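In UniProt numbering, the protein residues as written are 1 to 415.
Everything below concerns the one structure shown next.
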Amino acid sequence: MGVLMSKKQQVEKVQKCSVVVSAFKEGLKDRAAPAATAQTEEVITENGDESAEASHQANKDHTEQKDMDSKPGSSPNQQASASSIEEHKANQEAWGRLRDGKGVEPEDLKKAHQLTPPAFVRPKREVNDDQPVDVSLGQTEQPVNDEMCEVCEVWTADDLYPCRTCTRVFHDGCLQEMGCLSTEALQEMRETAHTTTGWSCYYCDNVNLLLTEEEMYSLMETFKQCKIIPESCLVSDELLQYRHFVTKQLFERDLTDEEEEEVLAQFAALDPEKKGQIEWSDFLYHESLSVLQKFRTENSLVRILTAKERDQARAIFQSVDQDKDGIITAGEARRAQTSWFHKINKESQSCNVSISHVGPISESSPASSSSERSRDKAMENDNRPVTWDNFVRESAIYILAARPNSSAMHIRLPL
């Protein structure tokens, strides 16, 4: 009897499983049904609802056709208004990216596979920002690069690319997924990140991020008054007009002929490839550095320098200070400051930094162009003694200006 009961229980279990499987299959059929339009119509026909469905579909098609017919007939005023709204929205988004320090277009961020872009936080001035900073000449800091990618926090040894300014490291794939670098910029990073010249990450490359909220607001207001559109290229006439406006606002006068020549030389320095226009990022970096140079003290700028930048400043100073007395001449300091701006040679990957390479970029370079009288006057101060502390303070703005990867010159070099 016990054996018979056991078999009966097994049969019942099999029957229950069959019921469950059948129900599961029915559920799958129900899910697939909405996707199969033809099957749905057959079911509707069998239930006698074909005429009602056809009537509903006809009304729907009529409504859609009516909407389509109404679009071409919209008035020109409505079309112009819609276009104006879209343009205003695009400008607002551009101003927002400028304020937040983000340079990624919004449509590029809608890709499902893309990583979340970084959230930049602008610095705040501290109470002791203007106080002297003790930077020892004899004690190097030798900072160690991070072990994991800044984006994905994964360690993969040789596949990581270090920043020359900070200790962050990155995967090229992570930067590409995040939309921070273009294809050309990624290739440049792969070629230069492990060389002596190095590569600046998207944090350090954007010197505009060094401005506080107040400084950025002031700069944005100036742009708006001059009708400068963010993320747009500028031609020479626009730069001249901008400089005229700023000079009028600050000094209540017009630019002199000599100052106009300097603006045109500045334009040429920001347009090294001679395209006839300067990129928005180069213009923004130049203006940001001008704000730092105008409103920050030298001590405040020294506090911004990273450990890598301080170590490189030590190495350059010590290579110039042959007698090791901690003092160099003003002429040697000026040439050392110029050495920060040696970019990697596209044709040759040799980029060793040594004092033999220190000097003006070229005699014909627009960034170093000036009158012979100004140059002669500067030569008179060549023998002025410069200590290590003075060298760091005077060089801070040039060290910061050398952060961007762009070949454009974002600051006027010392004469």
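Positions of the beta carbon are idealized from the N, C-alpha and C atoms, including for glycine.
Please read these numbers as outputs of a predicted model, since none were measured by experiment.
Status (buried if at least 16 other CB within 10 Å, exposed otherwise) for residue i
i	result
residue 455	The requested residue 455 is not part of the displayed model; the chain covers only 1 to 415.
P385	exposed
R192	According to the sequence provided, residue 192 is Thr. The question's Arg does not apply to it. That one is buried.
P404	buried
K308	buried
V144	exposed
residue 419	The structure shown does not extend to residue 419, since the chain is modelled only from 1 to 415, so the question has no answer here.
D237	exposed
W155	exposed
H198	Strictly speaking, residue 198 in this sequence is Gly, with His absent from that position. With 16 or more Cβ atoms within 10 Å of its Cβ, G198 is classed as buried.
S339	buried
E141	exposed
Q139	exposed
Distance CB(residue i)-CB(residue j) smaller than 8 Å
i	j	result
F120	L175	no
V169	P162	yes
L137	L289	no
I304	L234	no
L392	V320	Correcting the residue identity first, residue 392 is Val in this sequence and not Leu. No, Cβ-Cβ distance for V392 and V320 is not below 8 Å.
R334	P272	no
H171	C149	yes
D382	A336	no
F317	I328	yes
R122	T222	no
L292	V263	no
Y242	C226	yes
N-terminal and C-terminal residue of the beta strand (DSSP E) that residue i is part of
i	result
H171	169 to 171
L234	Segment: none, L234 is in no beta strand (DSSP E) and carries neither H nor E.
Range covered by the alpha helix (DSSP H) that runs through residue i
i	result
D399	Note on identity: in this sequence residue 399 is Ile, with Asp being the wrong assignment. Its alpha helix (DSSP H) spans residues 388 to 401.
L413	Element bounds for L413: n/a, residue is neither H nor E.
L301	298 to 304
R384	Premise fails: R384 is in no alpha helix (DSSP H) and is neither H nor E.
L264	257 to 270
A315	307 to 320
Coarse secondary structure for residue i, derived from DSSP in three states
i	result
T329	strand
I278	strand
L181	coil
L250	helix
L284	helix
L219	helix
N405	coil
G103	Confidence in G103 is poor, its pLDDT being 44 and thus under 50, which makes the residue's placement too unreliable to answer from.
L160	strand
K227	coil
N208	helix
Q142	coil
C152	coil
F341	helix
Any non-hydrogen atom of the ligand COA within 7 Å of residue i CB
i	result
L211	Because no ligand of any kind appears in the structure shown, any question about the ligand COA cannot be addressed here.
Quick one: any contact between the stretch 300 to 318 and the stretch 387 to 397, if contact means 3 or more CB pairs under 8 Å?
Yes: at least three Cβ pairs fall under 8 Å.
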